[in-house]
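Numbering (the working numbering), first residue to last: 153 to 451.
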Amino acid sequence: MTATLTRVDVAPVASPKRRRHAPGWLAVVPLLAFVALAFGIPALAMLNGAFTVKDPTTGATSYTTANLTASLKGAYLTALLGSVKLSAVSAVISTVFGLLVAQAVVTSRFRALREAVLTASGVLANFGGVPLAFAFVATLGNSGVLTRQLGLGDKGWDLYSFWGLVIVYLYFLIPLMVLTITPTLDGLRVQWREAARNNGATAVQYWRHIALPVLAPSLLGGFVLLFGSAFAAYATAAAMVGSSVPLVTLQIADAISGNVLVGQENVALALSLDMVLVAGLVMAVYLPLQRRSARWLDN
153 MTATLTRVDV APVASPKRRR HAPGWLAVVP LLAFVALAFG IPALAMLNGA FTVKDPTTGA
213 TSYTTANLTA SLKGAYLTAL LGSVKLSAVS AVISTVFGLL VAQAVVTSRF RALREAVLTA
273 SGVLANFGGV PLAFAFVATL GNSGVLTRQL GLGDKGWDLY SFWGLVIVYL YFLIPLMVLT
333 ITPTLDGLRV QWREAARNNG ATAVQYWRHI ALPVLAPSLL GGFVLLFGSA FAAYATAAAM
393 VGSSVPLVTL QIADAISGNV LVGQENVALA LSLDMVLVAG LVMAVYLPLQ RRSARWLDN
């Protein structure tokens, strides 16, 4: 018996050394270019203006810290502290109520309820500005529908105040907290609750010793995120309270519109720099907390 051999031509396999891959950093070049154009140039202009003072008589400019010093005195400092207070109070209340709503949604047996709440939260978290202010003025303002029907005006209710602004901010901060904390609540394992129950732990003990310590980084991270959102809000407060509640964003708007003393035109840029520094501190706290929370829930 004669064996017939058939020659099969096999294409040569390219050596791994010959393969040429484009550097990975080329993929992020468009993003870096966009960040440099949209954020880098305005940031440099703000930084330059914050340290620049123009002489009203000669028109000469010089670099000094006078703008930063002015931004941390008098009405400017009051506005900065007012924004910090408003943001902190709104963030604390929103964190608590957002956690309760998210927990109710996660433990619910109705999938339609979960989807409806999360969808509504996604919409409400981005609903702000003048439309939100108008909605609350028409509802709870001095001549609002509920104000007249419930007689809130006779009971001392005032929407155009600090606590009125807090209530308005809760409208979009609580949904934002629901969206932020829901994935973390989904990461709580059922086995942890069952193990605690088998060892005789009550629901309060489970939350105190197991759930809350695991959720703490995410809760603090959510608080920081809400604080930053409230701290940067402008349009809603401007349309509602004007200058009756001192806020740094409103002071910046007044300075940009020319409502400042001669020679202090760049105080608005100094106030913006103060806000950037506060936002930087917020992000410096937020990012490590998020990494720690992810490490807990992935184990």
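The beta carbon of each residue, even a glycine, is placed where N, CA and C say it ideally should be.
Because the structure is a prediction, the values reported are computed rather than measured.
Annotation for valine 205: the continuous beta strand (DSSP E) segment containing it runs 204-206. Under the three-state reduction of DSSP, tyrosine 312 is assigned to coil, being neither helix nor strand. Within the model, the alpha-carbon separation for leucine 183 versus leucine 233 is close to 35 Å.
Here isoleucine 326 is buried: its Cβ has 16 or more other Cβ atoms, across all protein chains shown, within 10 Å. Beta-bridge partners of threonine 213 (DSSP): Lys206.
In this structure, the straight-line span from the alpha carbon of threonine 354 to that of glycine 308 is close to 43 Å.
Cβ neighbours of asparagine 418 within its own chain (closer than 8 Å, five residues either side excluded): Gly201, Ala202, Thr204, Val205, Lys206 and Asn219.
The way I'd put it, the region 330-344 does touch the region 360-376; three or more beta-carbon pairs between them come closer than 8 Å. Between the beta-carbon of leucine 378 and that of valine 320 there is about 14 Å, and that puts the pair past the 8 Å contact cut. Serine 223: member of the alpha helix (DSSP H) spanning 218-223, first to last residue.
A contact between stretches requires three or more CB pairs, one per stretch, nearer than 8 Å, and the region 290-298 fails this requirement with the region 393-408.
If you ignore the 5 residues before and after alanine 188, its C-beta comes within less than 6 Å of no other C-beta in its own chain. Excluding the 5 residues flanking it on each side, alanine 387 has same chain C-beta neighbours closer than 8 Å at Gly280, Gly281, Val282 and Ala285, in chain order. Look at the beta carbons and you see the region 220-231 touching the region 421-429: at least three pairs across the two are nearer than 8 Å. Runs of alpha helix (DSSP H) with 4 or more residues, each lying fully within the region 276-328, are found at 282-292 and 297-302, listed in chain order.
Between tyrosine 323 and leucine 276 the beta-carbon gap is near 7 Å, inside 8 Å, which marks them as a contact. Going by beta carbons, phenylalanine 375 and serine 235 fall outside the 8 Å limit. Cα atoms of arginine 349 and tyrosine 358: separation of roughly 8 Å, rounded to the nearest angstrom. Residue environment analysis places proline 365 among the exposed positions, since fewer than 16 neighbouring C-beta atoms fall within 10 angstroms of its C-beta.
When DSSP states are grouped into helix, strand and coil, tyrosine 386 belongs to the coil group.
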